[in-house]
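Novice: Before anything else, here's the structure in question.
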DNA sequence: CCCATCACG
DNA sequence: ACGTACGTGATGGGC
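Set out below in structure tokens:
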């Protein structure tokens with residue numbers, strides 16, 4: 003297959019004609035790619051200033067059209083540029099990791115087979131289930147699941163569990179990244195993903211062939227994969243990400259006074275939440291485990307809470323989780339109102355809006371079997387969708403104001419939902435990083451500050 | 001081809 | 001009584 007970045011027309015079609023895009027979205031594909039400088043001028047600022055005030059006299063279709071003109075259409079040529087730019091990859095680094103991973107997998111496999119008493123395919127959930135539940139007689143869960151949650155619950159039961167978990171995680175890193183990514187490196191030494199602008203329900207982008215929005219970071223070994231994404235000699239990578247953006251947007255969208263106060267004062271939102279749900283006074287320190295639990299609770303709100311789900315996530319009894327939720331809701335009445343109002347709107351209309359007018363369809367809310375799922379999606383959609391609106395507009399503004407006028411010094415190369423990554427001349431990195439951070443923080447004015455953090459390095463390992 | 005699993009935000 | 005956290009994409013197993 004020819005390198006797609008050499009074929010401009012193919013990139014355009016890859017970006018705009020995703021195979022699975024609905025007919026309703028195919029109109030996007032008919033738009034000519036035009037220079038982004040044609041869009042998002044003063045009109046856009048006025049337009050979004052109106053959105054921020056939720057002006058009821060603005061017609062919803064007019065808002066949607068404006069959002070398209072300001073955020074979605076001008077983003078197309080920017081995504082084309084990002085796909086053409088690609089990201090430089092350290093092929094040798096990935097190959098070294100691959101060798102290390104496969105050696106570790108061999109050793110772990112031998113140990114696992116010894117403990118099981120025979121050879122079997124560890125990657126097969128069916129065969130693994132037979133070994134764990136039938137032969138070793140470990141306690142079964144209801145679906146005989148062998149996923150990480152299920153295995154962690156069995157960790158004390160048998161030494162084989164820890165080794166399987168370890169094998170699984172290394173197998174993932176090897177198969178999906180260390181082995182697969184080198185095959186995607188083009189003749190210029192770079193990986194050129196394809197960004198999908200119309201494949202998510204919320205307005206986020208997605209990335210495929212390969213997906214560069216799920217490069218590992220959460221484990222030490224995973225970070226080694228990420229460190230293989232590099233800058234050429236004399237250049238650096240700048241990563242700028244929004245800090246806790248979804249919780250900030252929830253605070254704004256749902257008008258949660260105490261959240262707004264916390265963010266405006268610069269205090270730690272998860273620590274404040276811990277004080278509320280565990281009733282800790284201002285003079286007593288919040289423990290790490292209390293803060294971690296509070297963080298889980300805050301996220302559970304964004305995703306649509308249930309005491310059962312929270313109990314599973316926190317590893318506590320269901321009535322304990324219910325007590326935590328009750329304490330939380332009692333201290334933050336606006337959250338209950340936001341959830342109730344959003345739920346009612348979604349059930350009545352089968353869609354919800356973001357503050358900037360992006361309309362997110364929820365047809366499954368009419369299906370009694372899928373309704374609960376759709377209600378949780380409805381609670382999350384205005385927040386995740388608003389994040390997407392802000393990111394799209396930030397990308398348009400940064401492309402217009404910073405990247406295009408300095409195309410010889412800086413390129414936008416990646417986007418990962420709340421983060422944008424640039425490659426630029428090392429000598430100019432500090433200046434550009436400050437400009438980008440400022441553009442992102444001032445992309446709109448909300449009742450909470452938006453905070454962005456930048457990291458500069460010769461590798462992508464913020 | 002679907003499913004289970006797991007990488008990311 | 002029921003099921004039970006939002007949004008994605010890639011992989012290998014197994015029918």
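Numbering (my numbering), first residue to last: 3 to 464. For each residue, glycine too, the CB sits at the ideal point set by N, CA and C.
(1) In angstroms with no decimal places, state the Cα-to-Cα distance between residue 306 and residue 381.
(2) Looking at the unbroken alpha helix (DSSP H) that takes in residue 276, where does it start and where does it end?
(3) May I ask which residues mark the beginning and end of the beta strand (DSSP E) holding residue 90?
(4) Going by beta-carbon coordinates alone, are residue 450 and residue 254 separated by less than 7 Å?
(5) For residue 168, which residues of its own chain have a beta-carbon under 7 Å away from its beta-carbon, when the five flanking residues on both sides are left out?
(6) Using beta-carbon positions only, say whether residue 103 and residue 183 come within less than 7 Å of one another.
(7) Give me the Cα-Cα distance between residue 376 and residue 72, rounded to the nearest whole angstrom.
(8) Just to confirm the assignment, what range does the beta strand (DSSP E) spanning residue 196 have?
(9) Can you look up residue 434 in the DSSP assignment and give me helix, strand or coil?
(10) With 16 other CB atoms within 10 Å as the buried threshold, where does residue 219 fall?
(11) Could you pull the start and end residues of the beta strand (DSSP E) that residue 126 belongs to?
(12) Give the range of the alpha helix (DSSP H) segment to which residue 404 is assigned.
(13) Can you tell me which of the three DSSP states residue 248 falls into?
(14) DSSP three-state label for residue 119, please.
(15) Tell me which residue opens and which closes the alpha helix (DSSP H) that residue 329 is part of.
(16) At what residues does the beta strand (DSSP E) containing residue 427 begin and finish?
(17) Would you mind reading off the limits of the alpha helix (DSSP H) that contains residue 201?
(18) Could you check what DSSP says for residue 210 in three-state terms: helix, strand or coil?
(19) Secondary structure at residue 373, three-state DSSP: helix, strand or coil?
(20) In or out: residue 6 buried (at least 16 other Cβ within 10 Å) or exposed?
(21) Could you give the DSSP three-state label for residue 241: helix, strand or coil?
(22) DSSP on residue 314, reduced to helix/strand/coil?
(23) Tell me whether residue 276 is buried or exposed, calling it buried when 16 or more other Cβ atoms sit within 10 Å of its Cβ.
(24) According to DSSP, is residue 46 helix, strand or coil?
(25) Would you identify the three-state DSSP class for residue 192, choosing helix, strand or coil?
(26) With a threshold of 8 Å on Cβ separation, who are the neighbours of residue 431 within its own chain once the five nearest residues in sequence on each side are excluded?
(27) Once DSSP output is grouped into helix, strand and coil, what is the label at residue 41?
(28) Tell me whether residue 75 sits in a helix, a strand or coil according to DSSP, three-state version.
(29) Helix, strand or coil for residue 368, going by three-state DSSP, please let me know.
(30) Nearest to residue 127 by CA position, among 139, 146 and 137, is which residue?
(31) Give the straight-line distance between the Cα atoms of residue 212 and residue 177, rounded to the nearest whole angstrom.
(32) Buried or exposed for residue 64, going by 16 or more other Cβ atoms inside 10 Å?
(33) Rounded to whole angstroms, what's the CA-CA distance from residue 328 to residue 370? Just pull it up for me.
Specialist: Quick answer:
(1) 6 Å
(2) 271-279
(3) Note, residue 90: beta strand (DSSP E), 89-91.
(4) Their beta carbons are under 7 Å apart, which means residue 450 touches residue 254 by this criterion.
(5) For residue 168, the CB contacts under 7 Å within the same chain, skipping 5 residues up- and downstream, are 110 in chain order.
(6) Result no, Cβ atoms of residue 103 and residue 183 do not sit closer than 7 Å.
(7) 28 Å
(8) 196-198
(9) Helix at residue 434.
(10) exposed
(11) Looking at the DSSP string, residue 126 is not in any beta strand (DSSP E), and its letter there is neither H nor E.
(12) Where residue 404 is concerned, there is no enclosing alpha helix (DSSP H), given that its DSSP letter is neither H nor E.
(13) DSSP places residue 248 within a helical segment (H, G or I) once states are collapsed to three.
(14) coil
(15) 320-333
(16) 421-427
(17) Here residue 201 belongs to no alpha helix (DSSP H), and DSSP marks it neither H nor E.
(18) Assignment of residue 210 by DSSP, reduced to helix, strand and coil, places it in the strand class.
(19) helix
(20) Caution is warranted here: a pLDDT of 33 is assigned to residue 6, below 50, making its placement in the model unreliable, and the coordinate value is therefore given only provisionally. Its Cβ being crowded by 16 or more others within 10 Å, residue 6 is buried.
(21) strand
(22) The answer is helix: DSSP assigns residue 314 an H, G or I state.
(23) buried
(24) Only weak support is given to the placement of residue 46: the predicted model assigns it a pLDDT of 46, under 50, and the value that follows is read from those uncertain coordinates. Residue 46: helix per DSSP, three-state reduction.
(25) strand
(26) 238, 240 and 458
(27) Residue placement at residue 41 is poorly supported in this model, since its pLDDT is 41, which falls under 50; the coordinates still yield a value, given next. The answer is coil: DSSP assigns residue 41 none of H, G, I, E or B.
(28) coil
(29) It is helical.
(30) 146
(31) Residue 212 and residue 177 have their alpha carbons spaced roughly 13 Å apart.
(32) Within 10 angstroms of the beta-carbon of residue 64 lie fewer than 16 other beta-carbons, which makes it exposed.
(33) Spanning the two alpha carbons is a distance of roughly 27 Å.
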